[in-house]
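J.: Right, I'll just put the structure down here and ask away after.
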Amino acid sequence: MLDARRKAIIFFVLALAMATIASAIIVNEWNKVRSAWGETVRVAVAAVDIQPYTAITPEMIDWQALPKQFVTTGFITEAQKLKDSIALVKKGIS
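Read the sequence shown against UniProt numbering and you will find it ends at 94, with the numbers running on by one and no gaps.
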């Protein structure tokens, strides 16, 4: 019985050590990716399904951070551009 308990403890310690090493590697890689992305920009995304020809209100919009290198001129980056806006076309996967 004592031998089985010792094996279980050794197995648990090894598993814990490998999990710690794996976590450190994952965090390190994630930080590398985030630093490679560089500066982020907040862009407007729909928080709800916006029907065509309805006025867009601030409650319908969420802001999401995207890396600046992926933001094009078609993205809305300022809340002022949404003021008095109306949804004209419903886009999406049918």
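For glycine and all other residues, C-beta sits at the position ideal for the given N, C-alpha and C.
Go ahead and label A8 buried or exposed: buried means 16 or more other beta carbons lie within 10 angstroms of its beta carbon, across all protein chains shown.
T.: Exposed, because fewer than 16 other Cβ atoms sit within 10 Å of the Cβ of A8.
J.: Taking the C-alpha atoms as reference points, what is the distance between T54 and E29?
T.: Those two C-alpha atoms are separated by around 43 Å.
J.: Figure out for me which residue from A87, F12 and R5 has the closest Cα to the Cα of D49.
T.: Checking every option, the nearest Cα to that of D49 belongs to A87.
J.: Which value, in whole angstroms, describes the spacing of the CA atoms of V71 and V41?
T.: Straight-line Cα distance between these residues: approximately 8 Å.
J.: Considering only their Cβ atoms, is the gap separating A44 from I61 smaller than 9 Å?
T.: Yes; because the gap between Cβ atoms is below 9 Å, this pair is in contact.
J.: Three-state secondary structure (DSSP) at D62?
T.: The answer is strand: DSSP assigns D62 an E or B state.
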